[in-house]
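Chemist:
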Amino acid sequence: MRAGTGLVTNSKIAAIILAAGKGTRMKSDLHKVLHPIAGRAMLLHLIDSVSSLNPEKTVVVVGAGRDQVEDAVAGSGVEIAHQAEQLGTGHAVAQAHEALGDFDGDVLVLYGDVPLVTAQTMSRLSERLHQPDSPAAVVLGFRPADPGAYGRVIVEAGSDRIAKMVEYKDASESERAETLCNSGLMAVRSRDLFALLGRIGNDNAAGEYYLPDIVMLAASEGRGSAVIETDASEVAGVNSRAELAQVEQDWQQRRRARAMSEGATLIAPETVWFAYDTQLGRDVVIEPDVVFGPGAIVADRAVIHAFSHVEGAQVGEGATVGPFARLRPGAVMETEAKVGNFVEMKKAVLGKGAKANHLTYLGDAQVGAGANIGAGTITCNYDGFFKYRTVIGEGAFVGSNSALVAPVVIGAGAIVAAGSVVTRDVADDSLALARGKQEAKPGWAAKFRALMKARKGG
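The letter at position 178 of the sequence shown is residue 178 when you use UniProt numbering, and the numbering goes up by one with no holes.
(1) Assign residue 32 to buried or exposed, taking buried as 16 or more other Cβ atoms, counted over all protein chains shown, within 10 Å of its Cβ.
(2) Answer yes or no: do residue 204 and residue 231 have a C-beta to C-beta separation smaller than 8 Å?
(3) Are the beta-carbon atoms belonging to residue 141 and residue 181 less than 8 Å from one another?
(4) Within the continuous beta strand (DSSP E) that includes residue 262, where are the two ends?
(5) Residue 292 bridges to which residues according to DSSP?
(6) Considering only residues of the segment 303 to 371, which uninterrupted beta strand (DSSP E) runs meet the minimum length of 3 residues and lie entirely inside it, listed in chain order?
(7) Using a 10 Å radius around the Cβ and a threshold of 16 neighbouring Cβ atoms, would you call residue 190 buried or exposed?
(8) Tell me which residues share the same chain as residue 328 and place their Cβ nearer than 8 Å to its Cβ, disregarding the 5 neighbours each side in the sequence.
(9) Can you name the start and end residues of the beta strand (DSSP E) that residue 164 belongs to?
(10) Confirm, please, whether the CB-CB distance from residue 161 to residue 224 is below 8 Å.
(11) In three-state DSSP terms, what is residue 138?
(12) Which residues share a DSSP beta bridge with residue 460?
(13) My output table needs one value for residue 55: the three-state DSSP class, helix, strand or coil.
(14) Closer than 6 Å by C-beta to residue 427: which residues in its own chain qualify, once you throw out the five before and the five after it? Chain order, please.
(15) How many angstroms separate the CA atom of residue 19 from the CA atom of residue 387?
(16) By the three-class DSSP mapping on this structure, what secondary structure does residue 272 have?
(17) Would residue 95 pass as a contact of residue 82 if the rule is Cβ separation under 8 Å?
(18) Assuming residue 482 contacts residue 37 (C-beta within less than 8 Å), just tell me the rounded distance between them.
(19) Buried or exposed: where does residue 449 fall if 16 or more other Cβ atoms within 10 Å of its Cβ makes it buried?
(20) Put residue 40 into one of helix, strand or coil per three-state DSSP.
(21) How close, in whole Å, do the beta carbons of residue 417 and residue 399 come, if the pair is a contact with beta carbons under 8 Å?
(22) Determine, using beta carbons only, whether residue 216 and residue 165 come nearer to each other than 8 Å.
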């Protein structure tokens, strides 16, 4: 058992992640494996799953776009190997040999554009490698609705032992009729992997060195291999924007189901979009068309009303958000706080029971418990060069359409009259009235209209 994972493995583990494909169908300057699923690069999803197995080494094999990948994995302990020429999957895996050094254990071969493979499935591959029949390799197979041009895995009758593996281009009609397909993922002992790779050839329709050929090469030496199966959605690959959208949809559907199973209410599940790290408490209610960006934490009994966006923010117990609210990074709503329609918070704390119900911007602010922020109020936190902080005390009342020009402090219990532009601190329990004096000119409006009509008529 790998420490802290709850997953059983019987050997040391390393992972090779292939990410050298050019990704031309994505039509993007961004490396294919760095396109996001649920707000996180595909490659990082996969690395996170691998990391739960505590691998001794993880090597990412890249070709074009190496600098982008190196930047994305910086500080993660992942090593980079370079495939200068695209000569097939077998050649790509061989490029990781130097990075693995003298590692002696199980090697998982994974693909950076197949991001949703779980640690449990990886663990199953390793476990099968150590069963009494000691297969030379364990291949991950699946049965898609449309097998299409996938390579086929043909098993011996009544077993999981592989009789033959064949690429679609090289398969006969009867072999193409088989429904068990090769995902490309496999587990092999390191001492076998590179020895076998050194002996495969490229005598095939594409002239490439195929990784699956090691299975048949081992068989020719009297060593069989095995296949385990998983659901097709787990090994869905991404080679185009359309496939990226489909994998995103699959991920979201699973995440929505998980949210509801863990005690959240989703009024219209298909309209709620989660980030990879969204955290929800019990009895949270999420109305339609809510989007969570990375870093959102929602505590028990909070309500997120329709058309709200929450990213990098914390929503406290029993708090209420929206509808049509936006919580940006650094926003914190404490217990039973409330923001209503068209309220935006950024790097601001709304204290316990405090309210900002309408048309308000709170940026770089601290709002005390029980304070009430009137409609149309803004904290003027930026002068074009620097950001400044606004502090609003407990129980303060800020009238509608007020502008609080930071840095400024509104004292506890203080009242700011509607329409005020506050540029100086307001003492506790005092009234701030900062607006122009209203004047009345009887009859002026009638005279003005008459003048304008005369000009227009003339």
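Note that beta-carbon positions come from the ideal geometry of N, C-alpha and C, so glycine has one too.
Modeler: Put simply:
(1) Working through the sequence shown from its first residue, we reach residue 32 at position 32. Label assigned to residue 32: buried.
(2) On the sequence shown, position 204 is the one that residue 204 refers to. On the sequence shown, position 231 is the one that residue 231 refers to. At least 8 Å separates the beta-carbon of residue 204 from that of residue 231.
(3) Mapped onto the sequence shown, residue 141 falls at position 141. Mapped onto the sequence shown, residue 181 falls at position 181. The Cβ-Cβ distance between residue 141 and residue 181 falls below 8 Å.
(4) Reading the sequence shown from its first residue, position 262 is the one you call residue 262. That residue, residue 262, is in no beta strand (DSSP E); it is neither H nor E in DSSP.
(5) Along the sequence shown, one-based indexing puts residue 292 at 292. Within the DSSP secondary-structure output, residue 292 pairs in a beta bridge with 310.
(6) Fully enclosed beta strand (DSSP E) runs of 3 or longer: 338 to 341, 344 to 350, 355 to 358, 361 to 367.
(7) Here residue 190 corresponds to residue number 190 of the sequence shown, with the count starting at 1. Buried, by the Cβ-count rule.
(8) Residue 328 sits at position 328 when you count from the first residue of the sequence shown. If the five residues before and after residue 328 are omitted, its C-beta is found closer than 8 Å to the C-beta atoms of 311, 312, 313, 344, 345, 346, 347, all from its own chain and listed in chain order.
(9) Taking the sequence shown and counting its residues from 1, the one referred to as residue 164 is at position 164. Counting along the chain, the beta strand (DSSP E) containing residue 164 begins and ends at 162 to 166.
(10) The residue you call residue 224 lines up with position 224 of the sequence shown. The residue you call residue 161 lines up with position 161 of the sequence shown. Annotated as proximal: residue 224 and residue 161, with beta-carbon spacing under 8 Å.
(11) Indexing the sequence shown from 1 puts residue 138 at position 138. Residue state, collapsed to three classes: strand.
(12) Look at the range of the chain in this structure, 1 to 458, and you will see that residue 460 is not part of it.
(13) Position 55 of the sequence shown holds residue 55. Of the three classes helix, strand and coil, the one that applies to residue 55 here is coil, per DSSP.
(14) For the purposes of this step, residue 427 is identified with residue 427 of the sequence shown, where counting begins at 1. Excluding sequence neighbours, residue 427 sits near 411.
(15) Sequence index remark: in the sequence shown, residue 19 carries index 19 (1-based). Sequence index remark: in the sequence shown, residue 387 carries index 387 (1-based). Rounded to whole angstroms, residue 19 to residue 387 spans 41 Å at the Cα level.
(16) As a position in the sequence shown, residue 272 is number 272, starting the count at 1. Three-state result, residue 272: coil.
(17) In the sequence shown, residue 95 corresponds to position 95, counting from 1. In the sequence shown, residue 82 corresponds to position 82, counting from 1. Contact flag set, yes.
(18) Only positions 1 to 458 of the chain appear in the structure, and residue 482 is not among them; the question remains open.
(19) Taking the sequence shown and counting its residues from 1, one reaches residue 449 at position 449. So residue 449 ends up on the exposed side.
(20) The sequence position of residue 40 within the sequence shown is 40, counting from 1. Here residue 40 sits in strand by DSSP.
(21) Looking up residue 417 in the sequence shown gives position 417. Looking up residue 399 in the sequence shown gives position 399. Between residue 417 and residue 399, the beta carbon gap of about 5 Å places them in contact (Cβ cut-off 8 Å).
(22) By 1-based counting over the sequence shown, the position of residue 216 is 216. By 1-based counting over the sequence shown, the position of residue 165 is 165. Residue 216 is a Cβ neighbour of residue 165, given a cutoff of 8 Å.
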